[in-house]
Amino acid sequence: MSASTSYVRYRPDLEQPFPDEEELIRQVVTAMLHANQQVAAKHRHGLRDAHAKSHGVLAGVLRVKADLPEHLAQGLFATERAYPVIVRFSTAPGDLRSDQVPVQRGLAIKVIGAPGPRAVDDGFTTQDFLLVNHPTLPFGTIGEYAKLQKLLESQPRQSDQQLQIAGLGARVAAKALTHLGRPLPPQIETLAAANDHILGETFHSMAALRYGDYVAKISAAPRSANVRALTGRPVDKNAGESALRDQVVDFFAQQDAEYELRAQLCADADRMPVENASVLWPEELSPHQVVASLHLPAQDAYSDARRRYADDVLSFTPWHALEAHRPLGSIMRSRRSAYPRSSEFRHTFNGIGQQEPASIDELPA
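Here's what the structure looks like:
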């Protein structure tokens, strides 16, 4: 499938507000703030409400491919160009958990110097892509997401051992249900993550975003042989609580890495819905198509200065975005309120001002 007429054109009415959406968003923001407060009291330091633990912070270059066809040459990817980026590898919980706890991992990309009208008139020139190593969000609507936040509120009170036991049980249940051909409940799907080398993972936006004249989900997949070789490699159980950080630091001390950034365009609004992020978009309807490469050169991936800058100063949100890549769906709409509120709490608690970079030179060495 390649003709532009084969893909769904973006139009505002693709989004359909969820019943009682504003009240559900209020509940989500309240639950997130409560979890923030619990974790801040525990560590005496404000952390992100999600993806609190970083494993590497890198400077890189995003290179848009030359001569992309019309349906891919959209927004940030309209013309061949190289953009400086800041990349942060992380773990999903809003707490500092042992890397031996198998949970979802994240890859956040902050593109610097992105020209064009903004999804929110924030005065910035950055485009953030927030990706997770799972193609869907099991709690895929704002109604289900509100239930997830209530579940996450209890996690700060759970030990790493309790979370490991819960993950083991979820993986056993997931295996049994898959064998029987039955769908996985959202709680099981969320907890059943494998614990593999973070650099070998493929990362997904899970929810949809505008892609210029079209609609897409974005993903990043290993491209160079050295990171492809890490796909599916289990984390050593004796590697300690910071195993993932050590993996990232050791790798980039001597090696470069290449990933490919891909767009999966919506080809059927019913089978590839915008409003339900739990639905896997079928690749037989629309494959993932490469639009850019992400080059990460060898460097010190976790200096003290970088960690402080990425964890305490920077904010990542899908709403740091061009209008051409406006986040779509109820989950994304909830993040328009939730992310700034969480960021405000973190920065205020720590007494550190938020900054949005205008140059890659602002990233410490």
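Position 346 of the sequence shown, counted from 1, bears residue number 349 in the working numbering, the numbering being contiguous throughout.
For glycine and all other residues, C-beta sits at the position ideal for the given N, C-alpha and C.
Residue nearest to residue i in terms of C-alpha spacing, selected from the options
i, options, result
"Ala197", "Pro276, Glu278, Val238", "Val238"
"Ser406", "Val293, Val252, Ala43", "Any property of residue 406 remains undetermined from this structure, which presents the chain solely from 4 to 368."
"Lys240", "Asp23, Ala38, Pro105", "Pro105"
"Leu110", "Pro96, Ala117, Arg91, Gln103", "Arg91"
"Leu361", "Gly116, Leu36, Asp98, Gln30", "The identity of residue 361 in the sequence shown is Ala, whereas the question assumes Leu. Closest option to Ala361, Cα to Cα, is Gly116."
"Phe206", "Gly119, Ile221, Val230, Pro285", "Ile221"
"Leu247", "Val114, Asp199, Arg213", "Asp199"
"Asn136", "Gln77, Ala224, Glu147", "Ala224"
"Pro276", "Gly59, His46, Gly143", "Gly143"
"Gln19", "Pro285, Glu278, Lys45", "Glu278"
"Gly63", "Leu299, Arg236, Ser9", "Leu299"
"Pro321", "Ser93, Gln107, Ser306, Ser337", "Ser337"
"Leu202", "Ala211, Gln302, Leu233, Ala219", "Leu233"
"Val123", "Ala327, Ile355, His48, Leu140", "Ala327"
"Ser306", "Val88, Val60, Gln40", "Val60"
"Ile363", "Val114, Asn229, Pro285", "Val114"
"Ile28", "Ile334, Phe352, His350", "Ile334"
"Ala210", "Glu204, Asp315, Ser281, Val230", "Ser281"
"Asp131", "Thr351, Asn353, Tyr342, Gln107", "Tyr342"
"Phe255", "Arg236, Ala304, Ala272", "Ala304"
"Ser340", "Asn353, Gly119, Met35", "Met35"
"Thr351", "Ala43, His291, Arg185, Thr139", "Ala43"
"Pro138", "His291, Gly215, Leu283, Arg236", "Leu283"
"Gln292", "His323, Arg231, Ala219", "Ala219"
"His54", "Leu99, Val11, Ala179", "Leu99"
"His406", "Asp125, Glu25, Arg108, Lys45", "Only positions 4 to 368 of the chain appear in this structure, which leaves residue 406 out of reach."
"Leu325", "Arg47, Gln103, Ser208, Arg121", "Arg121"
"Asp16", "Pro285, Glu287, Ala272, Gly354", "Ala272"
"Val316", "Ala179, Ile355, Glu287", "Ile355"
Contacts around residue i, its chain only, beta-carbon distance under 6 Å, and the 5 residues preceding and following it disregarded
i, result
"Ser318", "Ser346, Gln357"
"Pro379", "Examination of residue 379 is not possible in this model, given that the chain is present from 4 through 368 alone."
"Arg226", "Glu261, Tyr262, Glu263"
"Glu83", "Val67, Ala69"
"Ser7", "Only weak support is given to the placement of Ser7: the predicted model assigns it a pLDDT of 47, under 50, and the value that follows is read from those uncertain coordinates. Answer for Ser7: Glu73, His74, listed in chain order."
"Thr128", "Gly116, Ala117"
"Ile89", "Lys113, Leu366"
"Tyr10", "His74, Tyr217, Leu268, Ala270"
"Glu26", "none"
"His46", "none"
Counterpart residues of residue i in DSSP-defined beta bridges
i, result
"Tyr86", "Leu65"
"Arg91", "Val60, Ala111"
"His207", "Val135, Ser222"
"Thr129", "Ile115"
"Val293", "Arg265"
"Arg121", "Leu325"
"Leu212", "Ala219, Pro330"
"His298", "Val64, Glu261"
"Asp199", "Pro237"
Under the three-state DSSP convention, the category residue i falls into
i, result
"Glu263", "strand"
"Thr234", "coil"
"Tyr312", "helix"
"Ser333", "helix"
"Gln30", "helix"
"His48", "coil"
"Met275", "coil"
"Val42", "helix"
"Ser340", "helix"
"Val104", "coil"
"Thr320", "coil"
"Pro74", "The displayed chain sequence assigns His, not Pro, to residue 74. Coil, per DSSP."
"Ser7", "With a pLDDT of only 47 at Ser7, under 50, the local geometry of the prediction cannot be trusted, and no value is derived from it."
"Pro15", "helix"
"Leu247", "helix"
"Thr144", "coil"
"Glu287", "coil"
"Asp303", "coil"
"Ile355", "coil"
"Ser80", "First, the amino acid is wrong: residue 80 is Phe here, not Ser. In the structure shown, Phe80 sits in a helix (DSSP, three-state: H, G or I)."
Cβ separation of residue i and residue j, assumed to be a contact under 8 Å, to the nearest whole Å
i, j, result
"Cys269", "Ser296", "With a Cβ gap of about 23 Å, Cys269 and Ser296 do not count as contacting."
"Arg349", "Gly146", "Actually they do not touch by this definition, with Cβ atoms about 27 Å apart."
"Gln258", "Asn229", "6 Å"
"Val31", "Tyr217", "That belief does not hold up - the Cβ atoms of Val31 and Tyr217 are roughly 28 Å apart, past 8 Å."
"Gly78", "Gly215", "4 Å"
"Glu24", "Arg108", "Wrong, their Cβ atoms sit about 29 Å apart, outside the cutoff."
"Leu151", "Ser208", "17 Å between Cβ atoms; not a contact."
Contacting residues, own chain, Cβ-Cβ under 8 Å from residue i (five flanking each side not counted)
i, result
"Val294", "Val67, Lys68, Leu71, Leu75, Phe80, Leu264, Arg265, Ala266"
"Asp249", "Ala242, Gly243"
"Ser5", "Only weak support exists for where Ser5 lies, its pLDDT of 49 falling under 50; the coordinates are left without a value."
Own chain partners of residue i with C-beta closer than 7 Å, once the 5 adjacent residues on each side are dropped
i, result
"Arg213", "Tyr13, Ala327, His328, Arg329, Leu331"
"Arg51", "Gly97, Ser345, Arg349"
"Asp314", "Ser57"
"Gln302", "Leu61, Ala62, Phe255"
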